[in-house]
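Using our numbering, read the sequence shown as starting at 6 and increasing by one per residue. To start, the structure itself, in structure tokens.
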Amino acid sequence: MKKIFALAAVMAFAVGCGRTGTVAAVFKGTTPATSATKDQRWISFHCPACGRAAADGAKTCANKECAAKLTWPADYPCGYCAGSGDCPTCKMMSQDGNKCYNCGGSGTMALGTVGSVPIGRTLPCPNCKDNPGLCPTCKTQKGKCDFCKGGGKVDVATLKTKTEAPTEEKKPEAPPEKQPEKAPAEKPPEKK
Ligand SMILES: [Zn+2]
Ligand SMILES: [Zn+2]
Ligand SMILES: [Zn+2]
Ligand SMILES: [Zn+2]
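Pasting the structure below:
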């Protein structure tokens with residue numbers, strides 16, 4: 006028991022009572038998994054002791070009760086790929102070698118079928134029409150996380166340019182807009 010209490014005390018000192026710490030970066034939103042999904046990613050910085058939002062470059066927490074001394078690291082592990090540098094879409098959709106999950110890398114889709122027989126017409130895959138056959142997130146960056154460019158880390162200056170919340174999140178009272186259904190791109194990936 007004594008050991009547990011001692012450890013808890015040390016941790017409290019490091020974060021809370023110590024009144025000093027590394028500014029926490031919270032990676033909001035997720036990597037859009039299809040070309041039809043809007044990018045809603047943004048970053049917020051917080052005091053590690055009390056959680057109050059930390060203004061750009063602030064050296065002291067704005068919460069007077071807390072007044073923790075804040076330090077800003079040069080970079081943060083990328084929150085969208087958990088520091089792995091791997092494309093989250095490729096992982097989530099189990100995309101084999103950066104191929105678009107929607108069309109399997111062909112860049113086209115059969116327009117219709119009669120029974121189970123395709124009637125022969127094809128159209129460009131809506132999920133990868135800008136880079137036919139490729140993952141809509143990493144595109145020609147083969148399997149690399151688009152946010153950290155595959156490095157697994159993002160420098161703090163870059164993160165500070167992305168602290169603006171998407172307008173949708175600022176107006177929670179507005180009813181959500183109806184998204185027109187883009188059937189092929191929104192279908193879940195087929196299990197192999
Ligand atoms: Zn604080
Ligand atoms: Zn990808
Ligand atoms: Zn495709
Ligand atoms: Zn990343």
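Every residue gets a Cβ at the ideal spot worked out from N, C-alpha and C, and that includes glycine.
Going by DSSP, what residues sit across from residue i in a beta bridge?
| i | result |
| --- | --- |
| residue 49 | 31 |
| residue 91 | 149 |
| residue 200 | Given that the chain is displayed from residue 6 to residue 197, the structure contains no residue 200 and the question cannot be resolved. |
| residue 74 | 25 and 65 |
| residue 80 | 160 |
| residue 113 | 129 |
When you measure from the CB of residue i to every non-hydrogen atom of ligand 1, does any distance come out below 7 angstroms?
| i | result |
| --- | --- |
| residue 136 | no |
Looking at ligand 2, does it come within less than 7 angstroms of residue i, judged from the CB to the closest heavy atom?
| i | result |
| --- | --- |
| residue 168 | no |
| residue 142 | yes |
| residue 92 | yes |
| residue 45 | no |
For residue i, is the beta carbon positioned less than 7 angstroms from some heavy atom of ligand 4?
| i | result |
| --- | --- |
| residue 109 | no |
| residue 148 | no |
| residue 152 | yes |
| residue 85 | yes |
Does residue i come out as helix, strand or coil in the three-state DSSP assignment?
| i | result |
| --- | --- |
| residue 58 | strand |
| residue 163 | helix |
| residue 26 | strand |
| residue 142 | coil |
| residue 96 | helix |
| residue 101 | helix |
| residue 172 | helix |
Can you find a heavy atom of ligand 5 that lies under 7 angstroms from the Cβ of residue i?
| i | result |
| --- | --- |
| residue 132 | What this structure holds is ligand 1, ligand 2, ligand 3 and ligand 4, not ligand 5. |
Below 7 angstroms, is the gap between the Cβ of residue i and the nearest heavy atom of ligand 3?
| i | result |
| --- | --- |
| residue 112 | yes |
| residue 95 | no |
| residue 105 | yes |
Considering Cα atoms alone, identify which of the options is closest to residue i.
| i | options | result |
| --- | --- | --- |
| residue 131 | 68, 34 and 39 | 39 |
| residue 140 | 170, 92, 167 and 161 | 92 |
| residue 51 | 114, 90 and 78 | 78 |
| residue 54 | 43, 46 and 29 | 29 |
| residue 89 | 45, 31, 150 and 25 | 150 |
| residue 26 | 100, 65, 154 and 36 | 65 |
| residue 114 | 99, 134 and 100 | 134 |
| residue 73 | 57, 142, 104 and 136 | 57 |
| residue 168 | 36, 96, 46 and 37 | 46 |
| residue 5 | 155, 100, 161 and 171 | In this structure the chain extends from 6 to 197, so residue 5 is not present and cannot be described. |
| residue 48 | 33, 103 and 159 | 33 |
| residue 108 | 37, 129 and 80 | 129 |
| Closer than 6 angstroms to ligand 1: residues, by C-beta to nearest heavy atom, in chain order | Working through the chain, the matches are 52, 54, 55, 57, 66, 68, 71 and 73.
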